[in-house]
Amino acid sequence: MKQEDIEILLMKNKLINTPLVGCTQEEIIELEDRVGFKLPGVYKEFLLAAGHGSGRLFQGTIVHYINLIEIQEWAKELLEENNNPITLPNTSFVFSMHQGYEIRFFDVHMGENPPVFLWYEGMENPSSAVKLFDTFEEFLLQEIEDHSSVSWRV
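In structure tokens form, the structure reads like this:
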């Protein structure tokens with residue numbers, strides 16, 4: 001995530017009076033210790049900018065630090081409930097869960113700005129996740145653009 005992207009988020013969230021709240025470096029280190037691997041640099045930048053609160057961005061979606069350990073388990077449970085149509089590699093990190101039926105994840109071995117994958121209940125081909133974006137940064141920029149195009153009522 002580039003500094004200008006963070007500034008766009010900050011500006012937008014100031015306008016709607018909903019602040020961003022970032023994680024500390026210590027929290028990110030603790031998270032990495034708990035999951036057992038280093039997280040990609042671009043994702044860590046997102047956590048530093050908005051890991052505890054992303055304003056209205058990602059509203060209705062679990063993406064914040066407080067739930068990141070739990071959603072690893074919730075994602076496995078979701079897949080088990082669906083007869084394990086896919087297996088997440090041990091190097092996968094689920095960074096988002098939406099409404100309990102959709103997961104977004106990346107593989108930490110795919111670089112500092114890894115591709116984002118999507119799996120959800122009811123997929124046409126549930127036996128494989130879909131590559132949603134080539135990089136986490138592209139994913140985040142699209143989310144910011146989508147969020148910015150919404151006309152929020154204050």
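Numbering-wise, the sequence shown is residues 1 to 154 according to UniProt numbering.
Don't be surprised by glycine CBs; every beta carbon is placed ideally from N, CA and C.
In this text, all values refer to a predicted model and were calculated from it rather than measured experimentally.
Original post:
Do three or more CB pairs link the stretch 130-147 to the stretch 67-86 at distances below 8 Å?
Top reply: Touching, no.
**OP:** Look at the alpha carbon of residue 156 and the alpha carbon of Val108, and state the distance between them as a whole number of angstroms.
**Re:** The structure shown does not extend to residue 156, since the chain is modelled only from 1 to 154, so the question has no answer here.
**OP:** Identify which residue in Asn83, Met110, Ile86 and Gln25 has its Cα closest to the Cα of Thr135.
**Re:** Ranking the options by Cα distance to Thr135, first place goes to Met110.
Original post:
Since His98 sits in a beta bridge, which residues does DSSP pair it with?
Top reply: Beta-bridge pairing links His98 to Thr61 and Glu102.
**OP:** Buried or exposed for Val130, please, with buried defined as at least 16 other CB atoms from any protein chain shown within 10 angstroms of its CB.
**Re:** Burial call: exposed.
Original post:
Whose C-alpha, out of Cys23, Phe106 and Tyr101, is nearest the C-alpha of Gly60?
Top reply: For the set Cys23, Phe106 and Tyr101, the Cα lying nearest the Cα of Gly60 is the one of Tyr101.
Subject >> Phe95 burial status per 10 Å Cβ neighbour count (16 or more: buried) >> reply: Buried is the call here.
Original post:
Taking the DSSP output, what are the residues bridged to Leu118?
Top reply: According to DSSP, Leu118 bridges with Arg104 and Val130.
**OP:** Output yes or no for whether 9 Å exceeds the beta carbon distance between Phe105 and Pro40.
**Re:** No, the Cβ-Cβ distance between Phe105 and Pro40 is not below 9 Å.
**OP:** Under 6 Å Cβ to Cβ from Pro126, same chain only, skipping five residues before and after it: list those, please.
**Re:** Answer for Pro126: Pro85, listed in chain order.
Subject >> Contact set for Ile103: own chain, Cβ-Cβ below 6 Å, skip 5 residues either direction >> reply: Correct list, in chain order: Ala75, Val94, Met97 and Trp119.
Subject >> Spatially closest choice to Asn83 from Glu121, Ala49 and Phe58, by CA coordinates >> reply: The candidate whose alpha carbon is nearest that of Asn83 is Glu121.
**OP:** Between the Cα of Phe46 and those of Leu79, His64 and Glu77, spot the shortest distance and give me the residue it belongs to.
**Re:** The residue with the shortest Cα to Cα distance from Phe46 is His64.
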